[in-house]
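Numbering (the numbering used here), first residue to last: 10 to 515.
What follows is a single structure, written as structure tokens, with notes after it.
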Amino acid sequence: MNNQRHLPRLLAFAFLIAGPLQAQEAFRYEADWDSIRSHYECPKWFRDAKFGIFVFWGPASVPQVGNDKYGRWMYAEKYAPNGIDVRRYHKDHFGPQSKFGYKDFFPRFQMEHYQPEEWVSLFVDSGARYIVPVAEMHDGYAMYASKHTRWNVVDVGPKRDVMRLLVDEARANELKVGLSSHFAWNREFYPKWDPTFDTNDPQYQDLYGKPVDKDAAPTQEFLDHWWDRTTDIVDQYQPDILWFDFGLDKPGFAPVHKKIMAHYYNKGLEWNKGVVFQDKNMRFESFPEDLMVLDIERGRRSEASKLPWQTDTAVGKISWTWIINENYKSSDFLIDELVDIVSKNGNLLLSIGPKPDGTIGERETAILRDFGAWLKINGEAIYGTRPWKVYGEGPAKFAAGKNRFKHQHHTEYNDVESVAADIRFTSKNETLYAISLAWPEDGTFQIETLRRGSPHITQPIASVDFISGSQKITWEQTDEALIIQTNQEKPCEAAYAFRIRFAPNE
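Now the structure itself:
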């Protein structure tokens with residue numbers, strides 16, 4: 010055979026095959042919403058995961074009172090979270106703010122008993138599918154080996170890259186890993202009204218920042234520094250989720266909005282993995298919500314959303330970081346919250362605050378183990394599911410009340426306890442899951458949405474299985490409701506799940 014005679018045809022064929030592949034490999038997101046929209050899609054792994062853990066560690070845990078913003082309140086004229094005047098408390102217990110500033114907590118933040126293997130084992134047992142450790146809070150202390158600030162875990166405090174140890178251990182156990190940045194608000198974080206405060210000392214300006222007008226736009230110097238720190242996090246740890254707190258969604262940060270989203274999504278292409286960009290759009294619509302996963306702080310949606318979203322909240326009502334006087338939520342309430350959120354196309358990112366010695370407290374541990382026990386039984390109705398035609402039924406309504414933020418941020422303080430009539434639905438392929446948020450006294454569940462003749466179902470119900478319990482149940486579909494009789498004591502705590510299958514239409 011004369012191969013040279015066929016060479017032009019072979020080359021043309023090779024071009025046809027390689028051309029599209031090269032074009033696909035060459036695609037790069039531009040800092041433009043339309044460019045990002047042309048290729049963006051929320052990764053399936055995130056939509057399937059449903060439950061993650063927020064790791065809120067840092068030197069604010071050292072004083073063990075106040076809350077995660079201790080570094081702000083210790084300089085505030087008047088602020089008393091949970092009844093503690095933090096400025097006075099600090100002066101009485103640590104000395105005046107001119108002598109003992111927030112920076113002086115950093116050497117005391119040792120994490121001497123930190124065992125990332127134990128942490129990850131607990132996270133896996135909890136049923137979480139991803140974690141989001143804080144990379145840097147508003148206080149400007151980097152919980153990673155930062156190349157752009159001396160105030161980091163390697164140079165002061167634990168004296169080792171605790172972030173790298175956690176990230177590697179989590180990935181070795183098949184957990185996805187995100188990182189959070191709260192640094193955008195650093196420029197406004199530390200009060201400087203008293204000239205004696207160490208926040209006004211020029212030698213610590215690289216931590217406390219220069220005096221700013223809170224209504225002024227960030228300077229180019231600050232934007233550049235924010236960019237360097239943020240891309241350092243991305244480049245070093247290759248996070249599956251890049252999570253931003255409020256502050257970044259202010260109009261003054263507009264010059265970096267498109268740029269950072271395109272940069273991160275391009276990194277996802279380089280790493281060959283689906284990544285998730287999260288922001289709160291708390292006061293301003295800074296990022297199009299179809300190009301990211303909206304995060305709602307201490308709140309949730311009142312209705313289902315077509316777009317995937319996430320709630321971030323804490324196990325405690327007061328603080329995100331560890332404090333000794335925390336008011337903890339019940340595991341039952343938090344699991345109900347997970348179910349409600351998942352029924353509305355969301356994920357729950359549940360925050361715990363490790364102690365400054367690097368251990369996780371007993372109450373946090375117990376709550377996470379309760380999640381794991383419940384998900385081990387009922388996870389089929391949570392993981393990998395999608396919203397159904399309606400999210401649920403019942404009297405409990407969430408995301409109610411007035412707040413100064415857009416969406417439903419900070420509405421959890423108005424949340425109510427659920428009852429057995431509160432039913433939430435999820436679905437997977439042709440299977441419907443109905444989850445009651447409480448146990449009825451007589452063990453009989455009634456689901457009005459699944460009554461005979463309901464506009465939401467077009468096929469007869471073929472079977473009902475009780476996922477949460479092992480004993481046989483009986484059920485009947487009437488004109489009023491699907492009635493399920495369990496004839497048993499409640500098999501677990503929190504919510505109760507049923508698997509419902511339909512007969513094919515004749």
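No residue lacks a Cβ here, since even glycine has one placed at the ideal position from N, Cα and C.
Alpha carbons only, please: which of Lys-499, Arg-169 and Asn-195 is nearest the one belonging to Asp-254?
Looking at the Cα atoms, Asn-195 is the closest of the given residues.
Would you decide whether Tyr-505 is buried or exposed? Buried here means 16 or more other CB atoms lie within 10 Å of its CB.
buried
State buried or exposed for Leu-184, treating a residue as buried only when at least 16 other CB atoms are found within 10 Å of its CB.
buried
Short Cβ contact (7 Å threshold) for Thr-453 with Gln-494
yes
Count the other CB atoms within 10 Å of the CB of Gln-287; is the residue buried (16 or more) or exposed (fewer)?
Label assigned to Gln-287: buried.
Note down, in chain order, each residue of its chain lying with its Cβ closer than 7 Å to the Cβ of Ala-429, except the 5 sequence neighbours on either side.
Ser-445, Ala-447, Trp-448, Pro-449 and Phe-454
Starting from Ser-352, trace the beta strand (DSSP E) both ways and give me its first and last residue.
Per DSSP, Ser-352 belongs to no beta strand (DSSP E); it is in the alpha helix (DSSP H), 340–352.
What is the DSSP secondary structure of Thr-240, reduced to helix, strand or coil?
Helix.
Roughly how many angstroms separate the alpha carbons of Leu-188 and Asp-241, rounded to a whole number?
12 Å
Tell whether a beta-carbon distance below 7 Å holds between Val-302 and Thr-435.
no
Taking just the CA atoms, how far does Met-172 sit from Thr-440?
40 Å
Ranges of the alpha helix (DSSP H) found wholly within the region 94–174, counting only runs of at least 4
95–103 and 125–134
Around the Cβ of Ser-311, are there at least 16 other Cβ atoms within 10 angstroms (buried) or fewer (exposed)?
A residue is called buried once 16 or more other Cβ atoms fall within 10 Å of its Cβ, and Ser-311, having fewer, is exposed.
Measuring CA to CA, which of Ile-332, Phe-192, Ala-443 and Arg-395 is closest to Val-74?
Residue Ile-332 is the option with its Cα nearest to Val-74.
Classification of Glu-373 by the beta-carbon crowding that lies within 10 angstroms, buried from 16 upward
buried
With a threshold of 16 other CB atoms inside 10 Å of the CB of Glu-426, please say whether the residue is buried or exposed.
exposed
Are the beta-carbon atoms belonging to Val-186 and Val-176 less than 7 Å from one another?
yes
Inside the region 358–419 only - alpha helix (DSSP H) runs reaching at least 4 residues:
371–387
Taking Cβ to Cβ, would you say Tyr-123 is nearer than 7 Å to Gly-362?
no
In the structure shown, what three-state DSSP assignment does Thr-495 receive?
In the structure shown, Thr-495 adopts coil according to DSSP, grouped into three states.
Can you tell me which of the three DSSP states Asn-281 falls into?
coil
Counting pairs of Cβ atoms below 8 Å between the region 478–497 and the region 319–333, do you hit three or more?
The region 478–497 vs the region 319–333: no contact.
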